[in-house]
């Protein structure tokens, strides 16, 4: 995760349901971990995503990627670090690092998003939301 | 699966994502297989569940159970047999059998449901729906 | 959850991936929450399940059931209470309650399990494991 | 999906469990669809992946990405087209297109993989496997 800006950390415990027959975490699980990390990022910024959504502002995923470096296993504690890498009235982007308990990197990734209204049409985020996110993001 | 009435069969291929570190299908996956079988049952009966839902009639799950007899593995072809065991204006119940390619039983289960409106409040199913389901169910 | 015996509580935050198009938590997600609660129960008892499994003692699920009472939603904090209701050398049983932040019951359920060796064959749990679980369970 | 080479198509029906509270398919589900498409690709090529794995040759995911263009919904039939874009003794890469029933693109993506032995260590694929895949891939 290059660059700078506020990082929000979320700790997760690997669930049995997240493992696969290879004995390690199924690679698709990381995508939902990124989503958990975004939820915690928005909460930390003062805009819980559920509240955004209830107020009619959706954040759609337009792209996600993940690079796998080391496997995680059942019951491991993993740390997901999330950071906003781009922020505009039309959308935003996040970068993620997934670390094990010893700080070794298990995976990293990124996602891109557009703001949308309740019907899923592209929308501009209210100034208030952008200002709060921008201030929180710092850097 | 005791009793009688029309049985609708759905064939599935076990996905890698459905396995767990024990090397077999994660037990929670069967619950979503039951749901796939209900979807196919309603389609076979002439009332695709998506159409029901789009017309404002929801079918909520109020209870589910599953008994596991033999493990299923990645890439196995499994057959889910579904049957309506109860049908009333307030709700209905299904029974399921999950079989392997040789007809051996892997699991069986049951689910109970209530009809609801789009706000999730208990509702009576329209006569038309009940009649079609009753006729399809036969027995 | 009737009866008595030590209860272990696990708090979870509902993930976006756990919701479905009805806007509530997908019913199958509760089954994996029960599993998370079992993991925490074993850890609290002094026998982390991963360690059990690594030592060659598996706990297979032979039956699971869940009764749904109220929906849970994205980002809700839910509490899963787990308790051992039966314990024998061949297997054990758990009961669960899922509560919302106000203590209202969202769901309850139960699961049955048999001990097995690494090849999945029925096995007796070592005396040491049974004694520790029995003492922890109390009642 | 640019470039050429044999394309293997897999048809899927969207499951209720794959939707989220936005009313559309959860973005993480596409990652497991890619995996289903890889399974079918290997089967079509004459090397069912399960057989590869049982013979000691694992294919680890080292990178996955997905670009989302249009939402898919519950009960939609979707077509996943998979193609091998790189093939070497150390690993391979796939590209994917996800189409709706009218041939409109819903998403596209790619994944990279390394061959590994049963302990997860990097390995070279046997010549036989590479030759069969290369011939199948054609182009």
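Protein chains in written order, with this note's numbering: chain G, 21 to 159; chain B, 21 to 159; chain U, 21 to 159; chain F, 21 to 159. C-beta atoms are modelled at their ideal positions from N, C-alpha and C, and glycine is treated no differently.
Its Cα nearest to that of residue 34 of chain U, the residue U:52 stands out among U:24, U:52, U:28. Residue 39 of chain F does not reach chain G, its nearest Cβ partner there being about 14 angstroms away, counting only Cβ pairs nearer than 7 angstroms.
Between residue 80 of chain B and residue 42 of chain U, the C-beta gap is smaller than 9 angstroms, which places the two residues in contact. Excluding the 5 residues flanking it on each side, residue 76 of chain U has same chain C-beta neighbours closer than 7 angstroms at 137, 138, in chain order. Taking a C-beta cut-off of 8 angstroms against chain B, the contacting residues of the region 44–63 of chain G are 44, 46, 48, listed in chain order.
Within the same chain, Cβ atoms closer than 6 angstroms to the Cβ of residue 27 of chain B are found at 101, 103, the five residues on either side in sequence being excluded.
CA-CA distance, residue 73 of chain U to residue 39 of chain B, rounds to 17 angstroms. A residue is called buried once 16 or more other Cβ atoms fall within 10 Å of its Cβ, and residue 37 of chain B is buried on that count. Residues of chain B with a Cβ closer than 7 angstroms to the Cβ of residue 68 of chain F are, in chain order, 95.
Taken in chain order, the members of the region 136–147 of chain G whose beta-carbon sits within less than 8 angstroms of a beta-carbon on chain F are 140. If you look at residue 131 of chain F, you'll find it in the beta strand (DSSP E) that goes 125–136. Ranked by how close their Cα comes to the Cα of residue 99 of chain B, the residues B:66, B:82, B:117, B:90 have B:117 in first place.
Look at residue 121 of chain U here: in three-state DSSP terms it is coil, with no helix or strand label.
Annotation for residue 87 of chain B: 127, 128, 129 place their beta carbon closer than 7 angstroms to its own, counting only its chain and skipping 5 residues before and after. Not one beta carbon of chain B lies nearer than 9 angstroms to the beta carbon of residue 118 of chain U.
Taking a Cβ-Cβ threshold of 7 angstroms, none of the residues of chain B is close to residue 88 of chain F; the smallest such distance is about 19 angstroms. In this structure, F:67 is the residue among F:67, F:142, F:140 with its C-alpha nearest to the C-alpha of residue 148 of chain F. The beta carbon of residue 64 of chain B lies closer than 6 angstroms to those of 28 in the same chain, with the five residues before and after it left out. For residue 39 of chain U, there is no enclosing beta strand (DSSP E), since its DSSP letter is neither H nor E.
Closer than 9 angstroms to the CB of residue 42 of chain G there is at least one CB belonging to chain B.
Residues of chain U whose Cβ lies closer than 8 angstroms to the Cβ of residue 35 of chain G are, in chain order, 52, 55, 56, 59. Residue environment: residue 108 of chain G is assigned as exposed (fewer than 16 neighbouring CB atoms within 10 Å of its CB, all protein chains considered).
Among the residues of chain F, none has a CB under 7 angstroms from the CB of residue 30 of chain G; the nearest is roughly 16 angstroms distant.
For residue 91 of chain G, the closest alpha carbon among the candidates G:85, G:141, G:119 is that of G:119. Per DSSP, reduced to three states, the secondary structure at residue 46 of chain F is coil, with no helix or strand assignment. Of the residues B:60, B:145, B:85, B:46, the one whose Cα lies closest to the Cα of residue 31 of chain B is B:60. Residues 80, 82, 110, 111, 142 of the same chain have their beta carbon placed closer than 7 angstroms to that of residue 134 of chain G, with the five preceding and five following residues left out of the count. For a Cβ distance threshold of 8 angstroms, residue set 83, 84, 85, 86 of chain F lies close to residue 85 of chain G, ordered along the chain. Contact annotation, residue 89 of chain F with residue 45 of chain F: C-beta distance approximately 12 angstroms; criterion of less than 8 angstroms not satisfied.
When DSSP states are grouped into helix, strand and coil, residue 67 of chain U belongs to the coil group.
The Cβ-Cβ distance between residue 144 of chain U and residue 84 of chain U does not fall below 9 angstroms. Rounded to the nearest whole angstrom, the CA to CA distance from residue 140 of chain F to residue 78 of chain F is 7 angstroms.
Taking the CA atoms as reference points, residue 124 of chain U sits about 16 angstroms from residue 50 of chain U. Sequence-distant partners of residue 113 of chain U (beyond 5 residues in either direction) whose C-beta falls short of 6 angstroms from its own C-beta, in its chain, are 105, 106, 132. Counting along the chain, residue 97 of chain U sits inside the beta strand (DSSP E) bounded by residues 97–107.
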